[in-house]
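First the structure, in the form of structure tokens, and then the observations on it.
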Amino acid sequence: MRPRRRITPYLLVTPALALFTFAVLGPIVATGVFSFFEWDGFGPFDPVGVANYVRAATDPLFRASFLHVGIYIALTIVLEVFVGLVLAGLVTARPKGTGLFRVAFFIPVMLPMVVVAVLWDFVYNPDFGLLNSTLIAIGMEEFTQIWLGDPRFALPAVSVVSGWVFAGFYMAIFYAGFRGIPGDVLEAARIDGASEIQTFWRVKVPMIRHVIEIALLLCITGGFQAFDLFYVLTNGGPFNATEIPTTYLVRVVFRNQEIGYGSAMAVVMTLVVLAIGGVYVRLRRRTAVETVS
Amino acid sequence: MKQRHGPLALLLALGLIVGACADDGATDQGSDTTSSGDTTGETTDAGEDVVLRIAMGSPGEEQIGVWEQAKAAFEEENPNVSVELNFQDDDLYQTIGLLNLLNGGEAPDIYFEWAGARLQSRYDEGFVADITEAVDGELGSYFDEGAFNGMVIDEKNVMVPANADVTTVFWYNTEIFDSVGVSVPTTWEELIDVSNSIKEAGIIPIAIGNKDLWPVGNWTSHMVSRVIGEEAYDQMMRQEIPLDSPEVVEALGYVQQLAEAGIVNESVNAIDDNEGAQLFFQGQAAMHPIGSWLVSWALEEAPDLSFDYFNLPEMPGAGTQDSVIGVSTGFVINENSEHKDVAIDFMTLFSSPEFTSLMVDAGGTPIATGAFDRDDIDPRVTAMMELLQGASALVAPPDTGYDLEVADALYAAQAEVLGGVATPEEAAAAAQAKLDQ
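Those sequence lines, one after another, are chains A and B. Numbering-wise (our numbering), the first sequence opens with residue -12 and increments by one. Numbering-wise (our numbering), the second sequence opens with residue 315 and increments by one.
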């Protein structure tokens, strides 16, 4: 059924397009424009060409922030995705009676991240926090550490918190994936003598491969978006050991009032994430072609 | 069924776009306030409705209550005036919040600011009114002359004093000192010796939480000024001499001594200022170097704690050895305000003994004379004021008296040295390299 006036569809799309332009496209374009200026947010714009990008490329802390977020993502792939996969496997191996566990694992996902960060700040407190107190109580005082104050442990400590929160999220995703596997496939595997572990790794996991790929993409892109956990727990410390692009960018823009440089950093970060997304799409296409052939 | 979506779609599209732009229109009108003096619902004519806007970082619930009382009293005396109070998060206000407000459509008529470099910046940007005439009148009668130190620019009074805080002194647990058998140190060497004695008794000598870098930063910056002298400190903070100059490196060497002696809590860089204070409140630490605001806090959280203070002991160096690190704060009348007279009247009311006394009750430390006409004020609060007023030299803290980037670089260097992850030379070089970028 075609509209009477050809302009009608465009008019119907206009409100959404206006909102998208105002809330998304406009700020993106503005950020790109600001990146070529030196600007404190209030005074005059001072054009500097690509100087902000040169500075970003030569800023050792900005480069280090990408290394830190890469390590964080690598750790969270294990602590969130892999652990979530194992948890999903456990709750689907014996479906009866696991409802309580599924809920318990998912509860941290529902907590606001700031609340989680404050909670774990107490857990990690080196003087009277839960972790060190427990270690002392069970006679393992030699294992106590200044968890968030030691550059060796701060980043892994933050990653553990992230795993505690999101393992349940990925468990729920994989659980849904496992539930979609035809029962006769699993039955056939059992009849052939496969154990639960063999069935899990050789039948179930390969059959939800596409779900795992999506989960990995979510984990990687989510890692680049991390901010509140780092801000509350360490704010980039100790000694910049947990400085990631987002915390550094917020400090440059909101504390140092360098909007231009911060915008350039944001553009660089966006390009990095887009590049990763592009690699993912290419790999998926190649995998799909190989599967078909 | 005939299609009649075209006109409806057009109306919907136009309606949504106009609606989205409506706020921009109002903002544009608001930004004209500074030139026309008018916004919707207010004019400057006597008897016409006036909206008086006041902005500050949040002073806490109890002091907010005092502001609300002042607002109510002022509105009762001036029925045509409506007072709007804007309390922002402290960190937000100090960084981008205030500037956003001042450059926005509904800029405050009165705003909180720190004396020193920040006040000078606001003056240079045109946001500071001359209130000399008011200070010569009733408003000035509520303050001692010394209260206006640091609040005069180009021979003009530009700020109504609010608080004066000593940024860092050593608060010490008198019972721990007595039980260990040590007395208040008067020199750097004595401080190290006293701390070692306390450490041998199994108590943390000095506890402080430096996750946000400023607690140790302020303390050790005072040490730096004592070693290199106030003038060189000022030059360093203005980058007239680099952070990695030999004299600054030498000063950071004393921070290294603290680290090597192991007399500061191991968790120093992992916990924030609140957690550091808790170690002191719970009697786990003998000393806690922090500002004058600790008094009201300790009275509330640790009423049984027996504590007193001493200023940073004398250090080997070129600085004035009884200097105090501190900051004065106050309220500025916006030069762009169309209601300066009304603003001055409000600040006169708020600075009166009645409201000054209420602020003291609410845990504040105002420097209006009404605060000291009471005999129920904690002697340690009075001592802080006397310390400030009697100081031979007043050192400005890096993060309120100078450029934030320089302050952050210095704070980071001091944290690295105290944390034992860098030598003074390395930390200072890294800090200067950061600034040279």
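In this text, a Cβ means the ideal position worked out from N, Cα and C, and glycines have one as well.
One finds nothing in chain B with a Cβ atom closer than 8 Å to the Cβ of G265(A); even the nearest lies about 31 Å away. Taking T634(B) as the centre and dropping the five residues before and after it, the same chain places the C-beta of E544, S706 and A707 closer than 7 Å to its C-beta, in chain order. Boundaries of the beta strand (DSSP E) around F426(B): I424 to W428. Taking a Cβ-Cβ cut-off of 7 Å, the neighbours of F29(A) in chain B comprise L413 and N417, given in sequence order. Contiguous alpha helix (DSSP H) elements confined to the stretch 188 to 240 of chain A occur at 196 to 212, 215 to 220 and 232 to 237, taking only those with 4 or more residues. A direct Cα-Cα distance of roughly 46 Å separates P519(B) from K385(B).
Per DSSP, L173(A) is one residue of the alpha helix (DSSP H) stretching across G170 to I178. For N477(B), the enclosing beta strand (DSSP E) has its first and last residue at V474 to V480. Within the same chain, Cβ atoms closer than 7 Å to the Cβ of T501(B) are found at P627 and E628, the five residues on either side in sequence being excluded.
Secondary structure at D622(B): strand, using DSSP grouped into helix, strand and coil. The beta carbon of P499(B) is closer than 6 Å to those of L505, V508 and P627 in its chain, skipping five residues each way along the sequence.
When rounded, the separation of the alpha-carbon atoms in N532(B) and A575(B) is 20 Å. As summarised for the stretch 42 to 86 of chain A, the continuous alpha helix (DSSP H) elements at least 4 residues long and confined to that stretch are 47 to 63 and 70 to 80, given in chain order.
A Cβ-Cβ separation of about 18 Å leaves I195(A) out of contact with F153(A) under the 8 Å criterion. Partner residues in the beta bridge of G640(B), as assigned by DSSP, are V480(B). In this structure, the beta-carbon distance from I410(B) to G164(A) does not fall below 8 Å. From the beta-carbon of N583(B), the residues of chain A found nearer than 7 Å are G136, G224 and P225. A Cβ-Cβ separation of about 7 Å places A727(B) in contact with L566(B) under the 8 Å criterion.
By the 16-neighbour rule on beta-carbons within 10 angstroms, R166(A) is exposed. Straight-line spacing of the CA atoms in A478(B) and G57(A) works out to 46 Å.
In this structure the stretch 28 to 45 of chain A does not touch the stretch 730 to 737 of chain B; the number of beta carbon pairs closer than 8 Å is below three.
Excluding the 5 residues flanking it on each side, E183(A) has same chain C-beta neighbours closer than 6 Å at A80, in chain order.
Within the stretch 718 to 742 of chain B, the residues whose Cβ lies closer than 9 Å to some Cβ of chain A are L718, E719, D722, A726, A729, E730, G733, V735 and A736, listed in chain order. Relative to the Cα of G19(A), the nearest Cα in the group G249(A), A144(A), I207(A) and R271(A) belongs to G249(A).
Counted as a single uninterrupted DSSP element, the beta strand (DSSP E) harbouring R367(B) occupies residues V364 to G371.
In the structure shown, D114(A) falls within a coil segment according to DSSP collapsed to helix, strand and coil.
Note that the stretch 673 to 691 of chain B touches the stretch 366 to 385 of chain B; at least 3 beta-carbon pairs, one per stretch, sit closer than 8 Å.
A distance of 8 Å or more separates the beta carbons of I467(B) and F645(B). L433(B) sits close to M473(B), with the two beta carbons spaced by under 8 Å. Proximity of E427(B) to chain A, defined by a Cβ-Cβ separation below 8 Å, is not satisfied. Under the DSSP assignment, F401(B) falls outside any alpha helix (DSSP H), being part of the beta strand (DSSP E) whose first and last residues are V395 to Q402. Cα atoms of P47(A) and N227(A): separation of roughly 11 Å, rounded to the nearest angstrom. E452(B) is positioned such that its CB atom lies no closer than 8 Å to that of T670(B). Each of L572(B), E564(B) and M601(B) was checked against the Cα of T488(B), and the nearest Cα belongs to M601(B). Between E200(A) and R271(A), the C-beta gap is smaller than 8 Å, which places the two residues in contact. Excluding its 5 nearest sequence neighbours in each direction, V190(A) has C-beta neighbours in its own chain below 6 Å: A176, listed in chain order.
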